[in-house]
Every structure is written in C-alpha cells, then in structure tokens.
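Trainee: One structure follows; several queries about it will come next.
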Amino acid sequence: MKQPIYLIGFMGSGKTTFGKLLAKALNYEFIDLDHFIEKEQQATISELFEKYGEEGFRDLEKKAIKSTSHLRNHVIATGGGAPCFFDNMDIMNGLGTTIYLKLEPEALAGRLLPGMSHRPLIAGKSPSELLFFIETKLAERAPFYEKAKLIVDSSGLTPEDTVRIVLKALG
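Residue numbers for the sequence shown follow my numbering, so the first one is 1 and each next one is one higher.
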C-alpha cells in the first residue's frame, strides 16, 4: 500500500487535470477534495461559501482532509486555499506526499478568466483585478505551498510532461 499523494497549488494550476493523469499512470484512484466536500454536504462550493462563509468552508475542508487519513493508492487534488489554513499542510505532509503545481500569475489568470463565475473568490473581478488578486494571494500562500515535499514548475509544460517529471521525481 502506497501513501496518498496530495496535489496543492493555486486555483487554475491544473490539479484536477494533472491529478487524473497521475492517478492513471500510477494505477491509483483520484479524488477531487472539492467534489468530495460537495457530495458530503450536498451543496456546491459556492453555496457552502454563501451559507458558512470562508471560515466555515475551511473547517469543512480540514475535516475532509483528515477523513483521507486511511486512504492509500490515491491522488487527492485539494482546493487552492486548503494548505493555507489550520495545520492542513502539516497533516497532508504527515499522511503522504505533497506536490505543489507552481505557475506564474499571468498563466493562472489566463486559465481562470473563462470560468471565473464558478469560483466564489474571483467571481466578478476584471482581468486586472484578477491578476492583482492572484499576485497577492500567491504571495500570502507561498510559505504554505513551499512546504510541499515536491515543487514542480509546470509553466509551459503539458499535463503529460508534468506527469513524466513527477513520476521520475517519485522514483
């Protein structure tokens, strides 16, 4: 039995797309933590933010991370803010391998612009406001993200190339 792999990174960094490919390559199961929370709570992330606020949502997120403690042979994509609250990063590092998918703010903004309305933290922002938000949040979150056991700069790489790099790093 292998330890779980937790994917961390800013929203839009490709955790879900990459995670599915990595899970397939390793013959692991894939879990999107946000979808797991939505299923458990029978509500969308946007609805949960509206109902409980960010603080209440982050509490649900921590409980979801802790509930993965028994999982083996899984790739788990976390929400972008998950590593930055409570002791979530320490919990994930203790349970398995954490991988930070790192991208430049401009690349993240380009990926996020088309689907902004579905993301409660960025809905309604102009392109320049979005870029400023990303730069600010990345600066705040960097100390948490950089606690990952493996940091992969996926700028300019296809998801498949990123999988090859990670597989090589994992040995």
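Where a beta carbon is used, it is the ideal one built from N, C-alpha and C, also for glycine.
#1: Would you say ILE99 and ALA148 are within 8 Å of each other, going by their C-beta atoms?
#2: Would you list the one or two residues that DSSP bridges to PHE30?
#3: Within the same chain, show all residues whose beta-carbon is closer than 6 Å to that of VAL75, passing over the 5 residues directly before and after it, in chain order.
#4: Can you tell me which residues form a DSSP beta bridge with ILE5?
#5: How is the alpha helix (DSSP H) around LEU103 delimited, first residue to last?
#6: Inspect the CB distances between the region 152-163 and the region 90-108 and report whether three or more fall short of 8 Å.
Mentor: Looking at the coordinates:
#1: yes
#2: VAL75
#3: ILE5, GLY19, LEU22, ALA23, TYR28 and PHE30
#4: VAL75 and THR97
#5: Run containing LEU103: none; DSSP gives neither H nor E here.
#6: yes
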